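K.L.:
Take a look at the following structure, please.
In full-length UniProt numbering, the protein residues as written are 1 to 748.
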């Protein structure tokens, strides 16, 4: 390596030290592995990336169509080009939150003078030295100006939202709110014109104060909802962030840095030690260990040389290599996973919330009753008929209904956070009560994901210690979980581990190398069988049947010894599975591990359904298959679990997993304990009960008051005035708020 290359490598390594340290930390935390047989496999088949072209996403958690559109698929196309360096991660979501917050505070400030200057309910109010309304010349004009500002500024999200709902022929909360504020504003303009220009000596009551309070309360409700549920992260952006911003492009004998967005298929790139692969490619020069755990979930670093394939986003190890790009942008591996995540989450966003459904019904009821009241009151005069219709529409404004769900969600997510549950999607709380299947990853979810040596056997003259030390020497060049277990056992036994040289990957088999001048190989049982090598098959089969993964040490054609390693179940896993069955939820284990190990773990946990040796796209297919029969919850970690977490009706991420898995999930278990899912289910049931109660409180008033507003009791002399009805309706929010605060978690 010449001086320029060395300088470039050192500069780059210094600039990426922090990033690499964090990524390595993520590698160690990651628990999801593929086939746990000791097979250091290369991902060199195109089929391994096939079937991963189906994904979109639903950032945010608001139900209302118009609000969703304001931040839907933020930056998706830019991410497909992988030029994430120019992106402001999460900017669209935070900008929308900022706009909503600003509208609320500005509207709240403007509302105060409107209330002080308005004739509240047609009455004069004395508060000591202060008398309301405050009256001065042209004060009514100021109320008109401020109310008009509130209608077009604070009410604009609801007006545009109603337009979107009506265009889709699905009127819901936005339409109901828009109808209320539009009627209140329109009728108040009518009252203003009547009082000032047509009948100056008359007194037609306006509703500017009701317009102001309704807009402020509705903005508050939506702000609470978004703030309580919207997550800061974005799965698509985290996936794109796995790629560097620039690549070292090789032109003859020179190397120059180029923005990744300008790299084309066929370009030759140099990748220095410790860097991430800029794109999918094939090694054309050099060799190195490559860790692909962040992008495939396979926690193994294997030696790769000329002709081997590498995946964009994976970590180059200790060597300098040159690759020829085979896939960029939408054709790359990460882009395929990103499409899967996007597609599954976009499908979720179509779900309607309970409050929207109630609001939709209420809209049609108010519209029908209002028109009917207008017709029936026409014999009493046009003004009376119009007043009855306006009263119905104003009474239908969902003060309490608009806060019924957000207040419960805010309380629920707060309780969840204090109990190790981060709830990122409120739909999960509503859907959980119908959960029928619990699909779970194995390693790192049900098990600890930390392999330990169960036994070391020697079949020749070498001692068990010599066998373990020699294998540890070879495995020092690998980051496979089994290798980590062997190295840890050697350290625990305080063995002297010699240096290994010329360590090479035996594709689909294991490792080979030289220790103290002698050539050794570490292989799996299949290799021994294929080469008809003699070993103690009875003992090996016994350890395999116990759920252990096996690795054999060879010297030439002689089997010297064997190491059996096992993973430990989490202490809460068995009770967790049993409780799921008790609640009528079918537990299913999905894993990339080998069939024998999966079978043993399933037996220990009492699972009757499991699927083994699955790739990411296979897990998505399994989720879809179970969704044909009911609501599916999926529990997992790692990037390769992200698509299935997104596809599931409820995705649950283990807190110790990768950022991408966490950002794709609806619920995150902070303590990485699957038993916390039971607490989530308990909280979800309690939350649903409070939601239903609040919906009845919020909508119940409207259901009772609308007929009264229409004048149904007029024959007995009772007519509900618009002002009195609106004031009582506003007070109903207190009942809703107090009921939400009584929500608590009954731990499982």
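Where is the CB? At the ideal position from N, CA and C, for every residue including glycine. Computed from a predicted model, the values in this text were never measured in an experiment.
1. From residue 141 to residue 208, what does the alpha carbon distance come to, in whole angstroms?
2. Give the straight-line distance between the Cα atoms of residue 439 and residue 747, rounded to the nearest whole angstrom.
3. Would you mind working out which of 474, 246, 609 and 590 sits nearest residue 618, comparing C-alpha positions?
4. Would you mind giving the Cβ-Cβ distance between residue 385 and residue 374, rounded to the nearest angstrom? I have them listed as a contact below 8 Å.
5. Would you kindly check if the distance between the Cβ of residue 134 and the Cβ of residue 158 is under 8 Å?
6. Please tell me whether residue 429 and residue 412 are closer than 8 Å, where the distance is taken between their beta carbons.
7. According to DSSP, what are the bridge partners of residue 555?
8. Less than 6 Å between C-beta atoms, sequence neighbours within five positions excluded: which residues of the same chain meet that for residue 25?
9. In the structure shown, what three-state DSSP assignment does residue 498 receive?
10. Around the Cβ of residue 145, are there at least 16 other Cβ atoms within 10 angstroms (buried) or fewer (exposed)?
11. Let's test the definition: count the other Cβ atoms within 10 Å of the Cβ of residue 743 and tell me whether it reaches 16, buried, or not, exposed.
12. Give the range of the alpha helix (DSSP H) segment to which residue 160 is assigned.
13. Reducing DSSP to helix, strand and coil, say where residue 267 ends up.
14. Hey, would you say residue 561 sits closer than 8 Å to residue 409, going by beta carbons?
15. From 427, 511, 416 and 168, pick the residue whose C-alpha is nearest to that of residue 676; which is it?
16. Inspect the beta-carbon positions of residue 324 and residue 274 and report whether they are closer than 8 Å.
17. According to the neighbour-count rule (16 or more other Cβ atoms, all chains shown, within 10 Å of its Cβ), is residue 753 buried or exposed?
18. If you draw a straight line from the C-alpha of residue 708 to the C-alpha of residue 189, how long is it?
19. Whole angstroms are fine: how far does the CA of residue 213 sit from the CA of residue 570?
20. Can we say the stretch 160-176 touches the stretch 101-110, given the rule of at least three CB pairs closer than 8 Å?
21. Determine the direct distance from the alpha carbon of residue 211 to that of residue 738, and round the result to whole angstroms.
22. Tell me whether residue 247 sits in a helix, a strand or coil according to DSSP, three-state version.
23. Indicate the three-state DSSP secondary structure (helix, strand or coil) for residue 751 in the structure shown.
24. What is the rounded straight-line gap between the Cα of residue 647 and the Cα of residue 520?
25. Could you tell me the alpha carbon to alpha carbon distance between residue 335 and residue 391, rounded to whole angstroms?
26. Of the residues 321, 498 and 472, which one's Cα is nearest the Cα of residue 276?
27. Where do the ends of the beta strand (DSSP E) carrying residue 650 lie?
28. Near residue 76, what residues of its chain come up, given a Cβ to Cβ distance below 6 Å and the 5 sequence neighbours on each side ignored?
29. CB of residue 285 to nearest heavy atom of the ligand ADP: below 7 Å?
30. What residue does the alpha helix (DSSP H) around residue 580 start on, and which one ends it?
31. Alpha carbon to alpha carbon, how far is residue 447 from residue 257?
32. Using CA atoms only, rank isn't needed, just tell me which of 516, 584 and 136 is closest to residue 497.
P.N.:
Here's the rundown:
1. On the chain shown, position 141 is the one that residue 141 refers to. On the chain shown, position 208 is the one that residue 208 refers to. Their backbone Cα atoms lie some 11 Å apart in a straight line.
2. As a first step, residue 439 must be located in the chain shown, where it is residue number 439. As a first step, residue 747 must be located in the chain shown, where it is residue number 747. Rounded to whole angstroms, residue 439 to residue 747 spans 22 Å at the Cα level.
3. Translated into positions along the chain shown, residue 618 becomes position 618. Among 474, 246, 609 and 590, the Cα nearest to that of residue 618 belongs to 590.
4. Taking the chain shown and counting its residues from 1, one reaches residue 385 at position 385. Taking the chain shown and counting its residues from 1, one reaches residue 374 at position 374. Correct: roughly 5 Å between the Cβ atoms.
5. As a position in the chain shown, residue 158 is number 158, starting the count at 1. As a position in the chain shown, residue 134 is number 134, starting the count at 1. It is not a contact, given that the beta carbons lie outside the stated cut-off.
6. Your numbering for residue 429 matches position 429 in the chain shown. Your numbering for residue 412 matches position 412 in the chain shown. It is a contact, given that the beta carbons lie within the stated cut-off.
7. Your numbering for residue 555 matches position 555 in the chain shown. In the DSSP output, where bridge partners are listed per residue, residue 555 has 558.
8. Here the question's residue 25 lines up with position 25 in the chain shown. For residue 25, the predicted structure reports a pLDDT of 36, less than 50, and the residue's modelled location is therefore unreliable. A value from the coordinates is still provided. Closer than 6 Å at Cβ, skipping near neighbours: no residue.
9. Position 498 of the chain shown, counted from the first residue, corresponds to residue 498. Of the three classes helix, strand and coil, the one that applies to residue 498 here is coil, per DSSP.
10. Here residue 145 refers to the residue found at position 145 of the chain shown. Burial call: exposed.
11. The residue labelled residue 743 in the question sits at position 743 within the chain shown. Residue 743 should be labelled buried.
12. Position 160 of the chain shown holds residue 160. 156-167 is the span of the alpha helix (DSSP H), which, as asked, contains residue 160.
13. What you label residue 267 is simply residue 267 of the chain shown in a count that begins at 1. Looking at residue 267 - three-state DSSP - the assignment turns out to be coil, as it is neither helix nor strand.
14. Reading the chain shown from its first residue, position 561 is the one you call residue 561. Reading the chain shown from its first residue, position 409 is the one you call residue 409. Cβ distance not < 8 Å, so residue 561 and residue 409 don't count as in contact.
15. Reading the chain shown from its first residue, position 676 is the one you call residue 676. Looking at the Cα atoms, 416 is the closest of the given residues.
16. Residue numbering aside, residue 324 sits at position 324 when the chain shown is read from its first letter. Residue numbering aside, residue 274 sits at position 274 when the chain shown is read from its first letter. Their beta carbons are not under 8 Å apart, which means residue 324 does not touch residue 274 by this criterion.
17. Outside the modelled stretch of the chain, which goes from 1 to 748, sits residue 753, for which no answer is possible.
18. Within the chain shown, the letter at position 708 stands for residue 708. Within the chain shown, the letter at position 189 stands for residue 189. Spanning the two alpha carbons is a distance of roughly 25 Å.
19. Reading the chain shown from its first residue, position 570 is the one you call residue 570. Reading the chain shown from its first residue, position 213 is the one you call residue 213. Using only the alpha carbons, I get a separation of about 53 Å.
20. no
21. Taking the first residue of the chain shown as position 1, residue 738 is located at position 738. Taking the first residue of the chain shown as position 1, residue 211 is located at position 211. Cα-Cα distance, rounded: 24 Å.
22. Taking the first residue of the chain shown as position 1, residue 247 is located at position 247. Strand.
23. Missing from the structure shown is residue 751; the chain here goes from 1 to 748 and no further.
24. Counting from 1 along the chain shown, the entry for residue 647 is found at position 647. Counting from 1 along the chain shown, the entry for residue 520 is found at position 520. Cα-Cα distance, rounded: 45 Å.
25. As a position in the chain shown, residue 335 is number 335, starting the count at 1. As a position in the chain shown, residue 391 is number 391, starting the count at 1. Going by the C-alpha atoms only, they are around 55 Å apart.
26. By one-based count along the chain shown, residue 276 stands at place 276. Out of 321, 498 and 472, 321 has the C-alpha closest to the C-alpha of residue 276.
27. Within the chain shown, numbered from 1, the residue matching residue 650 stands at position 650. Its beta strand (DSSP E) spans residues 650-654.
28. Locating residue 76 in the chain shown gives position 76, counting from the first residue. Low confidence applies to residue 76: its pLDDT is 33, below 50, so where it sits in the model is not reliable enough to give any reading.
29. You won't find the ligand ADP in this model; it holds no ligand whatsoever.
30. Taking the chain shown and counting its residues from 1, the one referred to as residue 580 is at position 580. Counting along the chain, the alpha helix (DSSP H) containing residue 580 begins and ends at 573-582.
31. Numbered from 1 along the chain shown, position 447 holds the residue referred to as residue 447. Numbered from 1 along the chain shown, position 257 holds the residue referred to as residue 257. Their backbone Cα atoms lie some 44 Å apart in a straight line.
32. By one-based count along the chain shown, residue 497 stands at place 497. Here the closest residue by C-alpha is 516.
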